[in-house]
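Student: If you're matching them up, the sequences are chains F and R in order.
For the first sequence, the numbering used here begins at 678 and goes up steadily by one.
For the second sequence, the numbering used here begins at 678 and goes up steadily by one.
Glycine included, C-beta positions come from ideal geometry on N, C-alpha and C.
On a predicted model such as this, the values are computed, not experimentally measured, just so you know.
Have a look at the structure that comes next, please.
Protein chains: 2
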Amino acid sequence: MAAPEISGLRPGLKRLVKKTRPDSIKAEVPATGPGSEKYQRILDAAVEVIAEHGYFSSPVSAIAKRAGVADGTIYLYFKSKDDVLRTAIDSTFDKFHRQVEEEFRTLHDPRAQLEYIAQVHLESHAVNRSMAVLMQTEVRQSAKFIAEFSHHHLVKYIQVVREVVRRGQQEGIFRRDVSDGVVAHCMFGAIDELLSSAVFTGRVYDSKATAAQVMDVLLSGIQAR
Amino acid sequence: MAAPEISGLRPGLKRLVKKTRPDSIKAEVPATGPGSEKYQRILDAAVEVIAEHGYFSSPVSAIAKRAGVADGTIYLYFKSKDDVLRTAIDSTFDKFHRQVEEEFRTLHDPRAQLEYIAQVHLESHAVNRSMAVLMQTEVRQSAKFIAEFSHHHLVKYIQVVREVVRRGQQEGIFRRDVSDGVVAHCMFGAIDELLSSAVFTGRVYDSKATAAQVMDVLLSGIQAR
DNA sequence: GCCAAGAATGAACTGCGATTCATTCCGCCA
DNA sequence: TGGCGGAATGAATCGCAGTTCATTCTTGGC
């Protein structure tokens, strides 16, 4: 998708890695490290293939093929098949958290903050469909190794929501007779299920409108009376 | 767990399959069919092992070992490894739906009906921990073949909730400006996430009290004003 | 042009695990 | 008690897929 077409078809152009940047600047992209174009292409290919067939039914060879590289090449960029998936998931979550953090610098109302999170969460579908599928199918997950590290990301998400809820309670906006934890899990679960159902049925929706609807119900449910 | 200890250790008693029932009654358990004790033992073992290691990291040999039978024996009772898991999941969902159907015969208030579903859903943790883990890790899922058929079960669950919500809306109990579908997914998602988090962190909780709390928020959110 | 450094390749290796099936073991009946 | 039908066994088969590594290709400096 976003990745340029299989460069293997243009043998003459294959090895340019430093792009147009000369050596004066030290911060070259380490040919084989993160940030190189091939690195990213492998990640994208892995996400696509795994989203289509599932982790255990996606041979490294299929990922390599999609990325337009040889099987062995993947091991120049990543330690193992696990490592590829882990990296892809990590970077997605990191991006999400950076985005939220950024927005929170100027958005302070607890209600609006929750709405923002909901909306970004629901939007992930449109941003990168394959990644959304992968999140729904692999992260909750099946392989213990994925479960373990991705659990950490979910905890962080919940943590953020809890803090917002708690602040809302302190400010007297939200009722205090429900635990922030329960509310956070409910919100995450509700949104994620909506996303999940959209992903599986292939339905598209207006993420802003849907987020508004869900949050309307939830916020009505927790507003102080 | 519930299964009797590995009978393989008592060679002398192995083959009694008809139990104490003589042949007068035709409805004998077909030695190798559903309902036989070994059949159930294999199912239980599969659920436990898969809950612990995940489907793709659970060799048939491990399931056989846990069930106290030989590898090949499993193929006398089931068509394939897939078939074992499919059967286990199917029967769990079937049980859930029968339970709900039964209760609905005497419970008519929409609010109470939703609360009942929430409670049974949350209780599954206590009923069979391994199965709950399996549901969280495999059903949402990973292997396409599981996804496809279990999706059908989820749809049925959502369907039931939607109908209740719609009836509540008609009766004027619930607000009509939110779609029954969105509400149903939110409810399912919220409950399932709570369950999931309990399953993964190993936390125990009072399913009745938790269900009450979640449903309090949700019902407040959707009540007509 | 020639060479060294390192990127890329992909065939081959290896281990694993689902499934099969020839053989053994029982329990029952004549 | 002999032997038949079916249940159970588990070693052997077969294919697959993650990883390795000897070899080939590029590039950039001289």
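With a cut-off of 8 Å, do at least 3 Cβ pairs link the stretch 800-814 of chain F to the stretch 865-885 of chain F?
Tutor: Flag = yes, the stretch 800-814 of chain F and the stretch 865-885 of chain F touch.
Student: Do you know whose CA, among ALA744(F), PRO787(F), GLU780(F), lies nearest GLU848(F)'s CA?
Tutor: The shortest Cα separation from GLU848(F) among ALA744(F), PRO787(F), GLU780(F) belongs to PRO787(F).
Student: Over what stretch of residues does the alpha helix (DSSP H) that includes GLN813(F) continue unbroken?
Tutor: Note, GLN813(F): premise wrong, no alpha helix (DSSP H); not H, not E.
Student: With 8 Å set as the bound, which would you pick, yes or no: does the beta-carbon of HIS802(F) sit closer than that to a beta-carbon of chain R?
Tutor: Not an interface residue.
Student: Mind listing which residues of the stretch 842-855 of chain F have their C-beta closer than 7 Å to chain R's C-betas, in chain order?
Tutor: Within the stretch 842-855 of chain F, the qualifying residues are VAL855.
Student: Any C-beta of chain F within less than 9 Å: which residues of the stretch 765-783 of chain R qualify?
Tutor: Flagged: no residues at all.
Student: Taking only the alpha-carbon atoms, compute the straight-line gap between LYS742(F) and LYS756(F) and give it to the nearest angstrom.
Tutor: Looking at the two C-alpha atoms, the distance is approximately 18 Å.
Student: Would you say the stretch 843-861 of chain R touches the stretch 766-779 of chain R, given that touching needs at least three Cβ pairs under 8 Å?
Tutor: With the cut-off at 8 Å, the stretch 843-861 of chain R and the stretch 766-779 of chain R do not touch.
Student: Does the CB of ASP857(F) have a neighbour CB from chain R at under 8 Å?
Tutor: Not closer than 8 Å to any Cβ of chain R, the Cβ of ASP857(F) fails to qualify, so no.
Student: Between the stretch 853-864 of chain F and the stretch 822-833 of chain F, can you find at least three pairs of beta-carbon atoms closer than 8 Å?
Tutor: Touching, no.
Student: Assign LEU686(R) to one of two classes, buried (16 or more other C-beta atoms within 10 Å of its C-beta) or exposed (fewer than that).
Tutor: With a pLDDT of only 28 at LEU686(R), under the threshold of 50, the placement of this residue in the model should not be trusted; the figure read from the coordinates follows. When all chains shown are included, LEU686(R) counts as exposed.
Student: Going along chain R, which residues have a C-beta under 8 Å from HIS862(F)?
Tutor: Here the neighbours are ALA867, GLU870, LEU871, SER874.
Student: Would you mind sorting ALA722(R) into buried or exposed? The rule is 16 or more other CB atoms within 10 Å of its CB.
Tutor: ALA722(R) comes out buried.
Student: Would you tell me roughly how many angstroms separate the C-alpha atoms of ASP854(F) and HIS829(R), rounded to the nearest one?
Tutor: About 37 Å.
Student: Over what stretch of residues does the alpha helix (DSSP H) that includes ASP721(R) continue unbroken?
Tutor: First-last of the alpha helix (DSSP H) with ASP721(R): 714-730.
Student: Report yes if the C-beta distance between GLN900(R) and ARG839(R) is below 8 Å; otherwise report no.
Tutor: No.
Student: In the structure shown, what three-state DSSP assignment does PHE622(R) receive?
Tutor: Residue 622(R) lies beyond the range of chain R shown here (678 to 902); nothing can be said about it.
Student: Please decide whether VAL737(F) counts as near chain R, where near means a Cβ-Cβ distance under 8 Å.
Tutor: So no, VAL737(F) is outside the interface.
Student: State buried or exposed for ALA886(F), treating a residue as buried only when at least 16 other CB atoms are found within 10 Å of its CB.
Tutor: Per the 10 Å Cβ criterion, exposed.
Student: For the pair the stretch 722-738 of chain R and the stretch 808-815 of chain R, tell me if three or more CB-CB distances fall below 8 Å.
Tutor: The answer is yes - the stretch 808-815 of chain R touches the stretch 722-738 of chain R, with three or more Cβ pairs under 8 Å.
Student: Listed from N- to C-terminal order along the chain, which residues in the stretch 788-799 of chain R have their beta-carbon within a distance smaller than 9 Å of any beta-carbon of chain F?
Tutor: Result list empty, no residue passes.
Student: Nearest to GLY866(R) by CA position, among HIS785(R), LEU831(R), ALA744(R), ASP759(R), is which residue?
Tutor: Measuring from the Cα of GLY866(R), the nearest candidate turns out to be LEU831(R).
Student: Going along chain F in order, which residues have a C-beta closer than 7 Å to the C-beta of GLN813(R)?
Tutor: What GLN813(R) touches in chain F: ARG817.
Student: Given VAL737(F), which residues of its chain have a CB within under 7 Å of its CB, disregarding the five upstream and five downstream residues?
Tutor: Result list for VAL737(F): ASP748, ILE751, LYS758, in chain order.
Student: In the DSSP assignment, the alpha helix (DSSP H) including PRO736(F) goes from what residue to what residue?
Tutor: Careful: PRO736(F) lies outside any alpha helix (DSSP H) and carries neither H nor E.
Student: Mind checking which residues open and close the alpha helix (DSSP H) that includes ASP857(R)?
Tutor: That run of the alpha helix (DSSP H) goes 857-878.
Student: Quick one: does GLY879(F) have its CB under 8 Å from some CB of chain R?
Tutor: Cβ-Cβ to chain R under 8 Å: no for GLY879(F).
Student: From the DSSP secondary-structure annotation, give me the bridge partner or partners of GLN796(R).
Tutor: Paired residues: none, contrary to the question.
Student: Do you know whose CA, among VAL842(F), MET808(F), ARG806(F), lies nearest ILE794(F)'s CA?
Tutor: Of VAL842(F), MET808(F), ARG806(F), the residue nearest in Cα terms is VAL842(F).
Student: Show which residues of chain F have a CB atom less than 8 Å away from the CB atom of GLN890(R).
Tutor: Under the 8 Å cutoff, chain F gives VAL855, SER856, VAL859.
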